[in-house]
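> Positions 1 to 219 (full-length UniProt numbering) are the ones given, in order, by the sequence shown. All residues carry an ideal CB built from backbone N, CA and C; glycine is no exception.
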Amino acid sequence: MRVVIAEDSVLLREGLARLMEIGGIEVIDTVGDAESLLRSVERDRPDLVVADVRMPPDQSDEGVRAALVLRRRYPDLAILMLSQYVEERYAVELLTGQMRGIGYLLKDRVADVEEFLDSLRRVADGGTALDPEVISQLLVRREGDELDRLTPREREVLSHMAEGRSNAGIAGVLFLSEGAVSKHINSIFAKLGLPPTDSGNRRVLAILKFLQGNTKDRS
Numbered sequence: 001m002r003v004v005i006a007e008d009s010v011l012l013r014e015g016l017a018r019l020m021e022i023g024g025i026e027v028i029d030t031v032g033d034a035e036s037l038l039r040s041v042e043r044d045r046p047d048l049v050v051a052d053v054r055m056p057p058d059q060s061d062e063g064v065r066a067a068l069v070l071r072r073r074y075p076d077l078a079i080l081m082l083s084q085y086v087e088e089r090y091a092v093e094l095l096t097g098q099m100r101g102i103g104y105l106l107k108d109r110v111a112d113v114e115e116f117l118d119s120l121r122r123v124a125d126g127g128t129a130l131d132p133e134v135i136s137q138l139l140v141r142r143e144g145d146e147l148d149r150l151t152p153r154e155r156e157v158l159s160h161m162a163e164g165r166s167n168a169g170i171a172g173v174l175f176l177s178e179g180a181v182s183k184h185i186n187s188i189f190a191k192l193g194l195p196p197t198d199s200g201n202r203r204v205l206a207i208l209k210f211l212q213g214n215t216k217d218r219s
């Protein structure tokens, strides 16, 4: 796995690079602003970009905007965004596009090295990695939403799906059998109107419905 890191804090940037190298991940470039990130990806064509949401010069949404540009230019590029705080608007803006190979984590998660490296690998392999704090805030629903059809347990399962966990991973967290998790997921698909004949990836579509519903909540 070849990675480019985009982070304006030199200390965090070098720390991330060191963690990845210890984990056997090749860091091919580190940059401190969005324009440098775009140039680096064009030049080096990495497998994964790890980027801060807020970057110079304005420290607003330059990182997210650069990520959206990269997703359009290089659809197969995996991207993991890091943020100091839960910024739902940025998370939803990025995540309601193509769900393959995408992640959004709080910087505090870096402290759990094994979990962080696992998230990197999962995103690089085409999966998702959404921070539990982002998920918990997105779970605040308005009345009448189609996700209100879900039971509390089904909402739990869907939130863990959005974090990028496999059926086995969800089973471990919720202390259920994989068979029980599978039944909950099939019920979620049915209640969200995602039949087996749907040509798309139903797991991804369910997560998109979850995220898009929250976009409407804040419009």
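1) Since Glu26 is in the beta strand (DSSP E), which residue starts that stretch and which ends it?
2) For Pro152, name the three-state secondary structure that DSSP assigns.
3) Nearest-angstrom Cα distance between Ile102 and Leu77?
4) For Arg149, which residues of its own chain have a beta-carbon under 7 Å away from its beta-carbon, when the five flanking residues on both sides are left out?
5) Among the residues of its own chain, which have a CB less than 6 Å from the CB of Val49, if the five just before and after it don't count?
6) Applying the criterion that 16 or more other CB atoms from any shown protein chain within 10 Å of the CB defines a buried residue, is Leu11 buried or exposed?
7) On a CA-only basis, which of Asp125, Ala67, Ala180, Ala168 is nearest Val41? Give me that one, please.
8) What does the alpha-carbon distance come out to for the pair Arg153 and Arg121?
9) Below 6 Å CB to CB, which residues in the same chain sit around Gly127 once its five sequence neighbours on both sides are set aside?
10) Report yes or no: do three or more beta-carbon pairs, one from the region 15–26 and one from the region 52–71, lie closer than 8 Å?
11) Would DSSP call Val49 helix, strand or coil?
So, to answer that:
1) Note, Glu26: beta strand (DSSP E), 26–31.
2) Here Pro152 sits in helix by DSSP.
3) Cα to Cα, the separation comes out at about 9 Å.
4) Same-chain partners within the cutoff: Lys191.
5) If you ignore the 5 residues before and after Val49, its C-beta comes within less than 6 Å of the C-beta of Val4, Ile79, all in its own chain and listed in chain order.
6) Using a 10 angstroms sphere on the CB of Leu11, the tally of other CB atoms stays under 16, which defines it as exposed.
7) Checking every option, the nearest Cα to that of Val41 belongs to Ala67.
8) Our two residues, Arg153 and Arg121, have alpha carbons roughly 28 Å apart in a direct line.
9) Hits under 6 Å: Gly164.
10) Segments in contact, no.
11) DSSP places Val49 in the strand class (E or B) of the three-state scheme.
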